[in-house]
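Mapping of the sequence shown onto our numbering: residues 1065 to 1237, in sequence order. Remarks on the structure that follows.
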Amino acid sequence: MKEIDEKIAQVRAIIVEATLALIELEKERETALQLMQERSQYVSSQEIIDLIFQSCGRQTSLATIKRWADHGFLGEILNERERFPTLVHKQGNKRFLYRKDTVYSFLAKKGLLRPRFEVLDLVCLREDPTCRGMVVEVNRLEASFLYTIQLEGSQKTMAVKQEDLMRQEGHPL
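Below, the structure written as structure tokens:
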């Protein structure tokens, strides 16, 4: 009987240790999720370069981004490793972060954040190419655009994100 009691005590000790480890891991996970949420409000220099190229096809250098930051056009500058030390980082030099809203506003004013479709372009939905329409309004939505589409053959309109649209077949880019 003494052996069974000892084994029960050992198992209980293991359960206590595992419970404490679980609580600690859950706290770490919650902290990481909060940091990831906060990090999503920022954009890095490389992400800005990629966004400019994707939006208007223009190559931009890190020196240009640095110059804009030095002149204050991109707002507050954060060092990613200092601000988010527990998140996984890419190897290499310092990575600077800038608030997305400030960067997107600056890029839009500079004409470097352009919509893929203009007013009166004929488009269709990616998920349903038979749902066609004409762009009647374009609004900036962070790094993308929100389009108001008038559906073909009716007066109905719908709001659609840029990622969900494509040009109608047979129409030039």
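Cβ coordinates follow ideal geometry from the N, Cα and C atoms, glycine included. Predicted model, so just to flag it, every value in this text is computed and none were measured.
Query - Other residues of its chain near residue 1124: CB distance less than 6 Å, five sequence neighbours each side excluded - result: Same-chain partners within the cutoff: 1113, 1116.
Query raised in the report: Alpha carbon to alpha carbon, what distance is there between residue 1192 and residue 1198?
Result: Taking C-alpha positions only, residue 1198 is separated from residue 1192 by approximately 15 Å.
Query raised in the report: Pick from 1231, 1170, 1143: whose alpha carbon is nearest that of residue 1108?
Result: The shortest C-alpha separation from residue 1108 is found at 1143.
Requested in this report: Just the C-alpha distance for residue 1218 and residue 1174, rounded to the nearest angstrom, thanks.
Outcome: Using only the alpha carbons, I get a separation of about 36 Å.
Report task. Output the distance between the C-alpha atoms of residue 1190 and residue 1167, rounded to the nearest integer angstrom. Result -> Whole-angstrom Cα-Cα distance: 28 Å.
**Report entry** Straight-line gap, residue 1232 to residue 1172 (C-alpha atoms, nearest Å)
**Finding:** Here the alpha carbons of residue 1172 and residue 1232 stand approximately 26 Å from one another.
Query raised in the report: When DSSP labels each residue in this structure, what does residue 1280 get in the three-state scheme?
Result: The shown model of the chain, from 1065 to 1237, leaves out residue 1280, and the question about it has no answer.
Query raised in the report: Among 1072, 1138, 1147, 1120, which one has its Cα closest to the Cα of residue 1128?
Result: Closest option to residue 1128, Cα to Cα, is 1138.
Query raised in the report: The beta strand (DSSP E) spanning residue 1142 covers which residue range?
Result: Run containing residue 1142: 1141 to 1143, per the beta strand (DSSP E) assignment.
Query raised in the report: Can you name the start and end residues of the alpha helix (DSSP H) that residue 1093 belongs to?
Result: Where residue 1093 is concerned, the enclosing alpha helix (DSSP H) stretches over 1066 to 1103.
**Report entry** For residue 1208, the three-state DSSP class (helix, strand or coil)
**Finding:** Correct three-state label for residue 1208: strand.
Requested in this report: Go through its chain and collect everything with a Cβ distance to residue 1215's Cβ below 8 Å, but skip five positions before and after it.
Outcome: Non-local C-beta neighbours of residue 1215 in its own chain, meaning closer than 8 Å and more than five positions away in sequence, comprise 1195, 1196, 1197, 1221, 1222, ordered along the chain.
**Report entry** Three-state secondary structure assigned by DSSP to residue 1309
**Finding:** Because the chain spans 1065 through 1237 in this model, residue 1309 falls outside it and cannot be assessed.
Requested in this report: Going by CA-CA distance only, name the one from 1227, 1140, 1183 that's closest to residue 1202.
Outcome: Residue 1183 is the option with its Cα nearest to residue 1202.
**Report entry** Cα-Cα separation between residue 1136 and residue 1146, rounded to whole angstroms
**Finding:** Rounded to the nearest angstrom, the two C-alpha atoms are 20 Å apart.
**Report entry** Residue of 1161, 1206, 1075, 1229 minimising C-alpha distance to residue 1110
**Finding:** Cα-wise, what sits closest to residue 1110 is 1161.
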